[in-house]
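Going by the numbering used here, the sequence shown runs without a break in its numbering and finishes at 572.
To start, the structure under review is shown below, and the notes come after it.
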Amino acid sequence: MDRASGIPGPRRRRIATWSAATALALSVAGLAATPASAADVNNVKNAGYEAGLANWTCTAGSGTTVSSPVHSGSAALKATPAGQDNAQCTQSVAVKPNSTYTLSAWVQGGYSYLGVTGTGTTDVSTWTPDTSSWKQLSTTFTTGAATTSVTVYTHGWYGQAAYYADDVSVYGPDGGGGGDPAPTVPSAPGGLSVSGTTSSSVSLSWSAVSGATGYNVYRDGTKVTAVTGTSATVTGLSASTSYSFQVTATNSAGESAKSSTVTGTTTATGGGGGGGGTLPKHAVTGYWQNFNNGATVQKLSDVPAAYDIIAVAFADATGTPGAVSFNLDSAGLGGYTVDQFKADIKAKQAAGKKVVVSIGGQNGTVSINDATSAANFANSVWSLMQTYGFDGVDIDLENGLNATYMTQALRSLSSKAGSSLVITMAPQTIDMQSTSNSYFQTALNIKDILTVVNMQYYNSGSMLGCDGKVYSQGSVDFLTALACIQLQGGLSPSQVGLGVPASTSGAGSGYVSPTVVNNALDCLAKGTGCGSFKPAKTYPDLRGAMTWSTNWDASSGNAWSNAVGAHVHAMP
Numbered sequence: 001m002d003r004a005s006g007i008p009g010p011r012r013r014r015i016a017t018w019s020a021a022t023a024l025a026l027s028v029a030g031l032a033a034t035p036a037s038a039a040d041v042n043n044v045k046n047a048g049y050e051a052g053l054a055n056w057t058c059t060a061g062s063g064t065t066v067s068s069p070v071h072s073g074s075a076a077l078k079a080t081p082a083g084q085d086n087a088q089c090t091q092s093v094a095v096k097p098n099s100t101y102t103l104s105a106w107v108q109g110g111y112s113y114l115g116v117t118g119t120g121t122t123d124v125s126t127w128t129p130d131t132s133s134w135k136q137l138s139t140t141f142t143t144g145a146a147t148t149s150v151t152v153y154t155h156g157w158y159g160q161a162a163y164y165a166d167d168v169s170v171y172g173p174d175g176g177g178g179g180d181p182a183p184t185v186p187s188a189p190g191g192l193s194v195s196g197t198t199s200s201s202v203s204l205s206w207s208a209v210s211g212a213t214g215y216n217v218y219r220d221g222t223k224v225t226a227v228t229g230t231s232a233t234v235t236g237l238s239a240s241t242s243y244s245f246q247v248t249a250t251n252s253a254g255e256s257a258k259s260s261t262v263t264g265t266t267t268a269t270g271g272g273g274g275g276g277g278t279l280p281k282h283a284v285t286g287y288w289q290n291f292n293n294g295a296t297v298q299k300l301s302d303v304p305a306a307y308d309i310i311a312v313a314f315a316d317a318t319g320t321p322g323a324v325s326f327n328l329d330s331a332g333l334g335g336y337t338v339d340q341f342k343a344d345i346k347a348k349q350a351a352g353k354k355v356v357v358s359i360g361g362q363n364g365t366v367s368i369n370d371a372t373s374a375a376n377f378a379n380s381v382w383s384l385m386q387t388y389g390f391d392g393v394d395i396d397l398e399n400g401l402n403a404t405y406m407t408q409a410l411r412s413l414s415s416k417a418g419s420s421l422v423i424t425m426a427p428q429t430i431d432m433q434s435t436s437n438s439y440f441q442t443a444l445n446i447k448d449i450l451t452v453v454n455m456q457y458y459n460s461g462s463m464l465g466c467d468g469k470v471y472s473q474g475s476v477d478f479l480t481a482l483a484c485i486q487l488q489g490g491l492s493p494s495q496v497g498l499g500v501p502a503s504t505s506g507a508g509s510g511y512v513s514p515t516v517v518n519n520a521l522d523c524l525a526k527g528t529g530c531g532s533f534k535p536a537k538t539y540p541d542l543r544g545a546m547t548w549s550t551n552w553d554a555s556s557g558n559a560w561s562n563a564v565g566a567h568v569h570a571m572p
């Protein structure tokens, strides 16, 4: 994977681009809110900004109130960072000593932060990158023995767009300062829909409900899970089976009526090519960055459900020929711990996803060129799979590979891991121009255990298509005519995916819009949406698409996965 410009190399990538305050924000992001008791109140005054900026103070005149967009009521805060000002708005909130409170707010727009200081114990904060719709931030804090007030704040980020905030709350024991009324039972959620399926799971999403602090998910009338966000994945289902789902909204006042019912049907059991265990017929792969290069920093738990295979980038070479190791960049990822990382892998797998460790990248130096290094590679990857729980390996060696010994290494790994092993590959366009190329040879050599080849259709320049004509990157023809080489060269359609950048920042060149990606998928699978090149036959079993990276996708509001993910999963 080319990590230059938008995607830096393995050493340059570790340059810190966030402040210590941001690292703190990251370290506590995602803490779940605890339900309030019946006697709890919202201690924030003017929580919905219905009285303008009364009780709020914003730095450098950065804040104002607007009538649109609002999360509820008729007003919301709009705060605009400028220069060295991050548009911080604060309120002093009365609290009781030795008490636990839930801090939450709804935000939209640019980078948004929510936090509290002066707790007398541990000050906490949470954040989200830019979002085009309302999103709830939530965390908890405990006051010290002498704490009678805390300072609640929101702020944006330097040089980023304005953020909006609404319905700020500090729920807990009444601090004596008054506040907004206690919550009422929320209304039933709307917009419930099926966002994805596998042979054992159904993913759901719905619209946020004002005043809700959580949601219950029902399958065939029985509650199966509770979540704080507006999406959930129900697992442990049978293949090729239809289920009905409903959702309710909850808060300390009670539970809403159930939403309208939707039906989700699981896919048939099947794997990719010869390997990969259970995967949907059409799948989306995303690379997750184990480093901070200016894209949105993520935990694995932040990766959207649209991604079926997550490639963790990257493993590191060691002093032993062929062997690799993996080192989580905890500092660069805001304090993300190894235990959290392992738990997130298990959670993704429970949701029907696959998580693999990627070997290589633009500056990868792993070399497998003899029997010893092949054995070292297989043994070390197997060790990482056992240590972290990875489902398999992604081969992204961009400095050449030896087909004989890479084949040997991957077959050795397969003998250890069994039929559930996921093997993905991400060659450059030059690597797949001919079946005589070592990368193409390797893919064909392991066809019976290979899951998918997601060639990188970017940072390439012009290449030959299967019709012998020259095509330039950045077009639907470039995607279809080059994919045709793999399809005609011996790979199964289910082993071919289209690898593209998630945004213009994700690659030096070759970015195409999600619409172009979807047109290329339709052209190859159905014969529609083609450009000047149209394949001689269609490939309805085409596996899907890949992107670099989930982080760059998040930096663009997940525009890529929302569009391409939905399209891939809707393919027949």
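Virtual Cβ for every residue (Gly too), placed ideally from N, Cα, C.
As the structure is a computational prediction, the values presented were derived from the model and not from experiment.
Residue i (DSSP reduced to helix, strand or coil)
i           : result
residue 517 : helix
residue 478 : helix
residue 288 : strand
residue 486 : helix
residue 335 : coil
residue 150 : strand
residue 466 : coil
residue 28  : Its pLDDT being 32, under 50, residue 28 is placed unreliably in this model, and the coordinates cannot settle the point.
residue 348 : helix
residue 566 : helix
residue 91  : strand
residue 533 : coil
residue 96  : coil
residue 511 : coil
residue 549 : coil
residue 191 : coil
residue 555 : helix
residue 131 : strand
residue 445 : helix
residue 645 : The structure shown does not extend to residue 645, since the chain spans only 1 to 572, so no value can be given for it.
For residue i, the residue or residues it bridges with in DSSP
i           : result
residue 299 : According to DSSP, which records beta bridges pairwise, residue 299 is partnered with nothing at all.
residue 454 : 497
residue 310 : 286 and 355
residue 243 : 264
residue 425 : 395 and 453
residue 106 : 136 and 166
residue 411 : Looking at the DSSP assignment, residue 411 forms no beta bridge with any residue, so it has no partner.
residue 580 : This structure leaves residue 580 out entirely; the chain is present only between 1 and 572.
residue 318 : Beta-bridge pairing links residue 318 to no other residue.
residue 325 : 316
Outcome for residue i when other beta-carbon atoms lying within 10 angstroms are tallied against a minimum of 16
i           : result
residue 43  : buried
residue 319 : exposed
residue 254 : exposed
residue 431 : buried
residue 107 : buried
residue 469 : exposed
residue 3   : Here residue 3 scores only 43 on pLDDT, less than 50, and its place in the model is too uncertain to base an answer on.
residue 122 : exposed
residue 298 : buried
residue 572 : exposed
residue 558 : buried
residue 272 : For residue 272, the predicted structure reports a pLDDT of 36, less than 50, and the residue's modelled location is therefore unreliable. A value from the coordinates is still provided. The residue in question, residue 272, is buried, as its Cβ has 16 or more Cβ neighbours within 10 Å.
residue 554 : buried
residue 275 : At residue 275, the pLDDT of 46 sits below 50, so the modelled position is not reliable; the number obtained from the coordinates is stated separately. Buried, since its Cβ has 16 or more Cβ neighbours within 10 Å.
Residue j beta carbon less than 8 angstroms from that of residue i
i           : j           : result
residue 214 : residue 40  : no
residue 279 : residue 354 : yes
residue 487 : residue 520 : no
residue 458 : residue 473 : yes
residue 550 : residue 286 : yes
residue 455 : residue 435 : no
residue 119 : residue 154 : no
residue 477 : residue 532 : yes
residue 481 : residue 556 : no
Own chain, CB closer than 8 angstroms to residue i, minus 5 neighbours either side, in chain order
i           : result
residue 160 : 81, 110, 111 and 130
residue 124 : 28, 31, 103, 115, 116, 139, 140 and 141
residue 316 : 10, 324, 325, 326 and 327
Same chain only: Cβ atoms within 6 angstroms of residue i, ignoring 5 sequence neighbours per side
i           : result
residue 338 : 328
residue 142 : 100 and 121
residue 258 : 246 and 248
residue 522 : 528 and 529
residue 341 : 328
Cβ shell of residue i (< 7 angstroms), same chain only, five flanking positions each side left out
i           : result
residue 370 : 405
residue 205 : 193, 195, 230 and 231
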